[in-house]
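Counting with the working numbering, you get residues -8 to 235 for the letters of the sequence shown.
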Amino acid sequence: MLHLSLSTVKYILNKFETYLDCYSIKTHYIDQLQKVILIEDSLALYVGIIKSQSPVCSNVEAMFAWTRQTEFMDMPASGNDYYELYIEEVTYNSLGFKYNHSKFIREMESITSIQNLSLNVSYLKFKGLTRLYWCQEKETLLEKVDRLLPEMKLRDRYENWDGVNYYFIVLEMEGVSGNHEYAVAYTNQKPHNYVNSKGREWIKNGIQDGVNIRTYRRNFYRAFDSWKGKSKQYRLENHLKYFY
């Protein structure tokens, strides 16, 4: 870990909050280092400045010699307090808030001359109320915030949320011998957009196993591959159908 000072983490947080300047926001405080920012009465962001539990390594002088070149970080020392910035969506992003965390990290690395900031600065998408299956007794962050800030009614917001619409698409591929093989895809894209984007991907890279395609897909792939001597585009345009 990087052993960031409280002032540096607060500086990075202030830079992040400039992304919110064009929105109407309301801030709910849990304590001095934890809060929830409600954007346009829609998207809620948990923001926590968390004390780091990572010990300072024994070869700190060699590992962190570069800190002499930046004003944003001192040589780490045992016994000092260091911090991490953790941001997580605790409601679904129905607002359409656009944020590129990788780009933000690159910008902060350029400003601070501290590399690998993603080790200590995190932004996580909405996880919902599903607890980890191997740790069912541990409450989710949404549950924790709802307990600490009941006035935000986060559970009610979750229960009233329509959820994400998914489409199940049946793909039918005709093989060279006239056989018809099937696979089922699921996506939150519109079916026509999904098939078009998947088709472009297959034309460019060839048909490959996909995590969002299920049910006898191996036979489906074999039917696609059976058209030896025919272009990938020809196979898709003439022998692929889909239903939803």
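Each residue gets a CB set at the ideal place from its N, CA and C atoms; glycine is no exception.
Measuring alpha carbon to alpha carbon, tell me which residue in the options is nearest residue i.
i: Ser104; options: Leu123, Trp57, Lys89, Ser85; result: Trp57
i: Leu231; options: Pro182, His171, Glu192; result: His171
i: Leu(-7); options: Ala214, Met64, Ile21; result: Met64
i: Leu84; options: Glu31, Met164, Tyr212, Lys26; result: As written in the sequence, residue 84 is Asn, which differs from the Leu given in the question. Among Glu31, Met164, Tyr212, Lys26, the Cα nearest to that of Asn84 is on Glu31.
i: Gln106; options: Thr61, Ile160, Tyr124, Asp147; result: Thr61
i: Asp22; options: Glu100, Val136, His92, Tyr2; result: Val136
i: Ser69; options: Glu52, Phe215, Arg59, Ile78; result: Glu52
i: Ile160; options: Arg138, Gly169, Asn187; result: Asn187
i: Leu36; options: Glu192, Tyr2, Tyr90, Gln180; result: Tyr90
i: Leu24; options: Lys42, Thr9, Glu8; result: Lys42
i: His92; options: Tyr225, Glu8, Gln180; result: Glu8
Beta carbon of residue i, beta carbon of residue j: below 8 Å?
i: Leu145; j: Phe88; result: no
i: Leu4; j: Ile28; result: no
i: Leu76; j: Asn50; result: no
i: Val167; j: Ser217; result: yes
i: Lys223; j: Ile194; result: yes
i: Leu162; j: Gly190; result: no
i: Tyr149; j: Leu123; result: no
i: Leu86; j: Ile96; result: no
i: Met164; j: Phe211; result: yes
i: Met99; j: Lys221; result: no
Can you give the beta carbon distance from residue i to residue j, rounded, assuming they're within the 8 Å contact cut?
i: Val0; j: Ile40; result: 5 Å
i: Lys237; j: Thr131; result: A question about residue 237 goes unanswered here, because the residues of the chain that appear run from -8 up to 235.
i: Pro67; j: Val47; result: 5 Å
i: Tyr185; j: Ala176; result: 7 Å
i: Ile78; j: Tyr20; result: That belief does not hold up - the Cβ atoms of Ile78 and Tyr20 are roughly 15 Å apart, past 8 Å.
i: Tyr158; j: Pro182; result: 5 Å
With 16 other CB atoms within 10 Å as the buried threshold, where does residue i fall?
i: Asp72; result: exposed
i: Met54; result: exposed
i: Phe234; result: exposed
i: Leu133; result: buried
i: Tyr74; result: buried
i: Thr18; result: exposed
i: Leu(-5); result: buried
i: Leu(-3); result: exposed
i: Thr178; result: buried
i: Ile198; result: buried
i: Arg209; result: exposed
Determine which residues share a DSSP beta bridge with residue i and list them.
i: Leu132; result: DSSP, once it has assigned bridges, lists no residue as partnering Leu132.
i: Tyr235; result: In the DSSP output, where bridge partners are listed per residue, Tyr235 has none listed.
i: Ala174; result: Leu162
i: Ser113; result: Tyr77
i: Gly39; result: Gln25, Tyr77
i: Lys17; result: Leu29
i: Ile204; result: Ala176
i: Leu34; result: Ile30
i: Leu(-5); result: Tyr74
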